[in-house]
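In this note's numbering, the protein residues as written are 2 to 87.
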């Protein structure tokens, strides 16, 4: 819930969902406006967009494992916390 405090208007859209066997992969895009403290970063008012993928393992109709990767560097660069290259 801390994430939602920093980006109260956050929206995550599933771009692709692929399933095979006991696994499902979701490629997603997140968007929101940095309006509250997030990861110790004071509000910037900036709109951010970032992407990621999450792999789920399913057993007996329930998610039993989740692993994911997201573009945290790009996210922090958009907030101005980490300088962009070039």
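The beta-carbon is built from N, C-alpha and C at its ideal position, and this holds for glycine as well.
Across which residues does DSSP place residue i in a beta bridge pair?
i, result
"residue 27", "18, 55"
"residue 49", "33"
"residue 39", "42"
"residue 65", "Answer by DSSP bridge pairing: none, since residue 65 is not bridged."
"residue 6", "Its beta-bridge partners do not exist; DSSP assigns none."
"residue 11", "Paired residues: none, contrary to the question."
Relative to the C-alpha of residue i, which candidate in the options has its C-alpha closest?
i, options, result
"residue 11", "63, 30, 24", "30"
"residue 103", "84, 35, 58, 78", "An answer regarding residue 103 cannot be provided, because it is not within the stretch 2 to 87 covered by the chain."
"residue 15", "65, 78, 54, 62", "54"
"residue 25", "45, 65, 7", "65"
Report the three-state DSSP secondary structure of residue i (helix, strand or coil).
i, result
"residue 87", "coil"
Hey, could you find the ends of the alpha helix (DSSP H) residue i is sitting in?
i, result
"residue 75", "73–80"
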